[in-house]
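If you use the numbering used here, the sequence shown closes out at 248, no skipped numbers anywhere.
All C-beta atoms, glycine included, are put in the ideal place defined by N, C-alpha and C.
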Amino acid sequence: MNICVFLSAADLDDRYTRPARDFAKLIGKGGHSLVWGGSDVGLMKVVADGVQEAGGRLVGVSVDFLSAKARPGADEMVIARDLAERKKLLLEKADAVVIMVGGTGTLDEATEILELKKHGRTDKPVVLLNTAGFYDGLEEQFRRMEAEGFLPRPLSDLVFFAEEPASAMTYLEESLGGR
């Protein structure tokens, strides 16, 4: 399975890096590939290191203006012209998407995949990994959107909320039959 992970390139403390590393190990041990923003810094590096150490493949999609931070030694690295092309390529290469902690870029990527799912443009499973309650407010907002009629489909059709890496991986493997 090619698992796209949207996440921060910031250096973060252990409450965020530990679960990210745990999920990365599950990707690698499961024989899966990480599809990610290609960066070799911060949380992106933590996840790439964990996947590679556990035997998984690395498929990076960097962007021209960040290419100096691209990870050397990835199994595959593509350099996109701009952020829009990067998102498109990440999603094309992915069988599933996991949204980890991040800033505005991660939020942009997350809402794009959810919008595509809402309109039936993709059926890829999407997991929001709510590490340390980071996305509690966003989950509450999504539930309000659903309750007040802003979503034409049930929220559960769009995204699975996971509190721990193991439940995120279980959901993906069940959704895709272990691909």
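For residue j and residue i, the rounded distance between their alpha carbons
i	j	result
Leu158	Val130	7 Å
Arg90	Val74	12 Å
Phe230	Phe134	32 Å
Met70	Ser102	6 Å
Ser39	Thr175	Nothing can be reported for residue 39: it is not among the residues displayed for the chain, which extend from 70 to 248.
Leu241	Asn199	15 Å
Thr191	Ala216	23 Å
Thr180	Gly246	25 Å
Gln210	Gly171	17 Å
Val228	Arg212	11 Å
Arg84	Ala201	7 Å
Lys156	Glu178	7 Å
Leu160	Leu197	16 Å
Minimum C-alpha distance to residue i - residue among the options
i	options	result
Asp80	Val104, Leu112, Phe92 and Lys98	Leu112
Lys193	Gly206, Arg212, Arg140 and Asp226	Asp226
Ala163	Ala149, Ile182, Ile148 and Arg150	Ile182
Ala237	Gly206, Val195 and Phe211	Val195
Ser244	Val132, Ala165, Tyr204 and Val120	Ala165
Ala235	Ala179, Ile72, Pro88 and Glu215	Pro88
Val120	Lys94, Trp105 and Pro221	Lys94
Val132	His188, Val147, Glu233 and Gly125	Val147
Asp82	Ala216, Pro221, Ala137 and Val115	Val115
Glu233	Arg222, Leu207, Phe203 and Gly172	Phe203
His188	Met169, Leu197 and Pro221	Pro221
Thr86	Met169, Phe219, Gly99 and Gly218	Met169
Phe219	Thr173, Glu184, Gly124 and Asp177	Glu184
Gly124	Gly99, Val104 and Trp105	Gly99
Beta carbon of residue i nearer than 8 Å to that of residue j
i	j	result
Leu127	Asp109	no
Gly142	Glu122	no
Ala139	Gly107	yes
Residues bridged to residue i [DSSP beta-bridge criterion]
i	result
Ala231	Leu198
Met214	Per DSSP, none; premise fails for Met214.
Ser131	Ile148
Any C-beta of chain C under 8 Å from that of residue i
i	result
Thr175	The chain labelled as chain C is not found in the depicted structure, where only one protein chain is given.
Within the stretch 81-125, ranges of the beta strand (DSSP E) (whole runs, at least 3 residues) | 102-105
What residue ranges within the stretch 149-193 form continuous beta strand (DSSP E) runs of no fewer than 3 residues, ordered along the chain?
-> 165-168
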